[in-house]
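Following: one structure in structure tokens, then a few remarks.
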Amino acid sequence: MKTEDYIKRFIEKEKQIEPTPFLRTRIMGVIEKPMVKKASSWQPVIATVSISLIMLLGFQLSNLYNSSSAKQTLLNINDSNIEMLHYYHIESNE
Amino acid sequence: MTETDIIHNIKNGDTDAFKLLVDKHQSMVFRTVMGFVHVKEDAEDLTQEIFITVFQSLDYFQGKAEFATWLYRIAVNISLNYVKKNRIRKLFNFAEEKLQPIFNQQDKCVNPEEQIIRSEIEDLIRKAIDQLTEKQRTAFILSKYNELPQKKIASIMQISEGAVEQHLQRAKIKLQKKLSGLVGK
């Protein structure tokens, strides 16, 4: 047998192999599922814009909180007038 | 209904019409993929993947070429990508296929020795085809498995008819060189 005949026989054998009769059902089963339908190209854009808006809203809310907080009062206290510390000085009181 | 009408309906949301395309082209796609992968189960999985890719890419099909030509291109590209990714896995599949006839009690061939020799020859031929370059292999499979004319192969591979003939000639010479030891077996 010639080499070409061996190759022809091999190819004919492979050509005779048939796919399972359920292959079409498998293909259509996957295609008819909703997730297989092509996703809109706008979805990532909408997702990005939404996330950005939420972040901006968060920053704005936090700024509002800062501006509405109670004003800080500064007290200038002279400790030496409040406490008469010289009374407690041992040497002077003896 | 023509193929153009079917494609138009599918693009307008008639998913069911895709069945008609699958029925028409399934055998052709499966045969092409078998030429690349040589394993029935893998060929079925790839055929499924090809049709799903076709369905998802139908919006990009402009109708400039025949639908079959476009489908063949997708089939060839997906098959070549699969082959590149699965070189090692293929090795184990072939080992299993080689041993199966020896242990398979229901094998038609009575003589196990003859079965082993036949299996070895097929293995050699399979390897020789797989060792062709991508373009030689593609041209060879489209020509021998699908019996396509060179003009059609040229259209699918987007090369000239002369280039197709060259690839087929080189494939033939390479295969004969690698398989010259088979003569006399």
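One line per chain: the protein sequences are A and B, in this order. With my numbering, the residue at position 64 of the first sequence is 64, and numbering never jumps. With my numbering, the residue at position 80 of the second sequence is 80, and numbering never jumps. The beta-carbon is built from N, C-alpha and C at its ideal position, and this holds for glycine as well.
*Compare the C-beta of P19 (chain A) with all C-beta atoms of chain B and state if any pair is closer than 8 Å.*
By 1-based counting over the first sequence, the position of residue 19 (chain A) is 19. For P19 (chain A), the closest Cβ of chain B is nearer than 8 Å.
*How would you label S143 (chain B), buried or exposed, when you count the other beta carbons within 10 angstroms and need 16 or more for buried?*
Here the question's residue 143 (chain B) lines up with position 143 in the second sequence. Per the 10 Å Cβ criterion, buried.
*Which value, in whole angstroms, describes the spacing of the CA atoms of F67 (chain B) and E3 (chain B)?*
Position 67 of the second sequence, counting from 1, holds the residue named residue 67 (chain B). Position 3 of the second sequence, counting from 1, holds the residue named residue 3 (chain B). Across the structure, F67 (chain B) and E3 (chain B) are spaced so that their CA atoms are roughly 8 Å apart.
*Assuming H167 (chain B) and Q136 (chain B) make a contact with CB atoms under 8 Å, what is their CB distance in whole Å?*
For the purposes of this step, residue 167 (chain B) is identified with residue 167 of the second sequence, where counting begins at 1. For the purposes of this step, residue 136 (chain B) is identified with residue 136 of the second sequence, where counting begins at 1. At roughly 5 Å, the Cβ-Cβ gap stays under 8 Å, so H167 (chain B) and Q136 (chain B) are in contact.
*Within 8 Å, strictly: CB atoms of V33 (chain B) and L46 (chain B)*: Start at 1 with the first residue of the second sequence, and residue 33 (chain B) comes out as number 33. Start at 1 with the first residue of the second sequence, and residue 46 (chain B) comes out as number 46. In contact: V33 (chain B) and L46 (chain B) (Cβ atoms closer than 8 Å).
_Do K178 (chain B) and A139 (chain B) have their beta-carbon atoms positioned less than 8 Å apart in this structure?_
On the second sequence, residue 139 (chain B) is found 139 positions in, with the first residue counted as 1. On the second sequence, residue 178 (chain B) is found 178 positions in, with the first residue counted as 1. In this structure, A139 (chain B) keeps its C-beta atom at 8 Å or more from the C-beta atom of K178 (chain B).
_How far does the alpha helix (DSSP H) with V37 (chain B) in it extend, from its first residue to its last?_
Stepping through the second sequence from its first residue, residue 37 (chain B) is reached at position 37. Taken as a continuous stretch (DSSP letters only), the alpha helix (DSSP H) holding V37 (chain B) covers 18–37.
*Note down, in chain order, every chain B residue with its Cβ under 9 Å from the Cβ of M55 (chain A).*
By 1-based counting over the first sequence, the position of residue 55 (chain A) is 55. Neighbours of M55 (chain A) on chain B: none; closest Cβ ~33 Å, over 9 Å.
_Buried versus exposed call for W70 (chain B) [16 or more other C-beta atoms within 10 Å across all chains shown]_ = Locating residue 70 (chain B) in the second sequence gives position 70, where the first residue counts as 1. Burial call: buried.
*Do you know how far the Cα of I117 (chain B) is from the Cα of Q106 (chain B)?*
Here residue 106 (chain B) refers to the residue found at position 106 of the second sequence. Here residue 117 (chain B) refers to the residue found at position 117 of the second sequence. With a pLDDT of 46 at Q106 (chain B), under the threshold of 50, the predicted position of this residue should be treated as unreliable, though the coordinate-derived value follows. The alpha-carbon atoms of Q106 (chain B) and I117 (chain B) are separated by roughly 18 Å.
*Pull up the CB-CB distance for P19 (chain A) and E44 (chain B), whole angstroms please, since I reckon it's below 8 Å.*
Mapped onto the first sequence, residue 19 (chain A) falls at position 19. Mapped onto the second sequence, residue 44 (chain B) falls at position 44. With a Cβ gap of about 5 Å, P19 (chain A) and E44 (chain B) count as contacting.
_Nearest-angstrom Cα separation, counted from M157 (chain B) out to I125 (chain B)_ = Numbered from 1 along the second sequence, position 125 holds the residue referred to as residue 125 (chain B). Numbered from 1 along the second sequence, position 157 holds the residue referred to as residue 157 (chain B). Near 24 Å, if we compare the C-alpha coordinates of M157 (chain B) and I125 (chain B).
*Indicate whether at least one CB of chain B lies closer than 8 Å to the CB of L23 (chain A).*
Position 23 of the first sequence, counting from 1, holds the residue named residue 23 (chain A). Yes, its Cβ sits closer than 8 Å to a Cβ of chain B.
*Would you report the Cα separation of E122 (chain B) and D5 (chain B), rounded to the nearest angstrom?*
Translated into positions along the second sequence, residue 122 (chain B) becomes position 122. Translated into positions along the second sequence, residue 5 (chain B) becomes position 5. Take the alpha-carbon of E122 (chain B) and the one of D5 (chain B): they are about 43 Å apart.
*Counting along the chain, where does the alpha helix (DSSP H) carrying E4 (chain A) start and finish?*
Taking the first sequence and counting its residues from 1, the one referred to as residue 4 (chain A) is at position 4. Per DSSP, E4 (chain A) is one residue of the alpha helix (DSSP H) stretching across 3–15.
*DSSP three-state assignment for E147 (chain B), whether helix, strand or coil*: Looking up residue 147 (chain B) in the second sequence gives position 147. Coil.
*asked:* So if I threshold CB-CB distances at 7 Å, which residues from the region 120–154 of chain B count as touching chain A?
replied: If the cut-off is 7 Å between Cβ atoms, the region 120–154 of chain B has I121, E122, I125, K144, Y145 near chain A.
*Identify which residue in B:G13, B:S79, B:M1 has its Cα closest to the Cα of I31 (chain A).*
Translated into positions along the first sequence, residue 31 (chain A) becomes position 31. It is B:G13 whose Cα lies nearest to the Cα of I31 (chain A).
*Measure from the alpha carbon of M28 (chain A) to the alpha carbon of each residue in B:Y82, B:I10, B:A65, B:I153, then state which is nearest.*
Here residue 28 (chain A) corresponds to residue number 28 of the first sequence, with the count starting at 1. Per the Cα distances, B:I10.
*Around the Cβ of A171 (chain B), are there at least 16 other Cβ atoms within 10 angstroms (buried) or fewer (exposed)?*
Within the second sequence, residue 171 (chain B) is the residue found at index 171, counting from 1. By the C-beta density criterion, A171 (chain B) is buried, having at least 16 other C-beta atoms within 10 angstroms.
*So with Cβ pairs under 8 Å, would you call K15 (chain A) a contact of chain B?*
Position 15 of the first sequence, counted from the start, is the residue given in the question as residue 15 (chain A). Answer yes: the Cβ-Cβ gap between K15 (chain A) and chain B drops below 8 Å somewhere.
*Among residues of its own chain, excluding the 5 on either side of D59 (chain B), which ones have a beta-carbon nearer than 8 Å to its beta-carbon?*
Position 59 of the second sequence holds residue 59 (chain B). Listed in chain order, the non-local C-beta contacts of D59 (chain B) below 8 Å within the same chain comprise K11, local neighbours out to five positions each way being set aside.
*Applying a beta-carbon distance threshold of less than 8 Å, which residues of chain A neighbour Q52 (chain B)?*
To locate residue 52 (chain B), count along the second sequence from 1; it is residue 52. First, the amino acid is wrong: residue 52 (chain B) is Ile here, not Gln. Within chain A, the residues near I52 (chain B) are I27, V30, I31, V36.
*Where N63 (chain A) and P44 (chain A) are concerned, what is the direct C-alpha to C-alpha distance, given to the nearest angstrom?*
Stepping through the first sequence from its first residue, residue 63 (chain A) is reached at position 63. Stepping through the first sequence from its first residue, residue 44 (chain A) is reached at position 44. C-alpha of N63 (chain A) to C-alpha of P44 (chain A): approximately 29 Å in a straight line.
*Hey, is Y65 (chain A)'s beta-carbon within less than 8 Å of any beta-carbon in chain B?*
For the purposes of this step, residue 65 (chain A) is taken as residue 65 along the first sequence, with counting starting at 1. Not closer than 8 Å to any Cβ of chain B, the Cβ of Y65 (chain A) fails to qualify, so no.
*May I ask which residues mark the beginning and end of the alpha helix (DSSP H) holding M1 (chain B)?*
As a position in the second sequence, residue 1 (chain B) is number 1, starting the count at 1. Neither: M1 (chain B) is in no alpha helix (DSSP H) and is coded neither H nor E.
*Terminal residues of the continuous alpha helix (DSSP H) containing G162 (chain B)?*
In the second sequence, counting from the first residue as 1, residue 162 (chain B) sits at position 162. Unbroken alpha helix (DSSP H) run through G162 (chain B): 161–178.
*Does DSSP put L132 (chain B) in a helix, a strand or coil?*
The residue labelled residue 132 (chain B) in the question sits at position 132 within the second sequence. In this structure, L132 (chain B) counts as coil in the three-state DSSP scheme.
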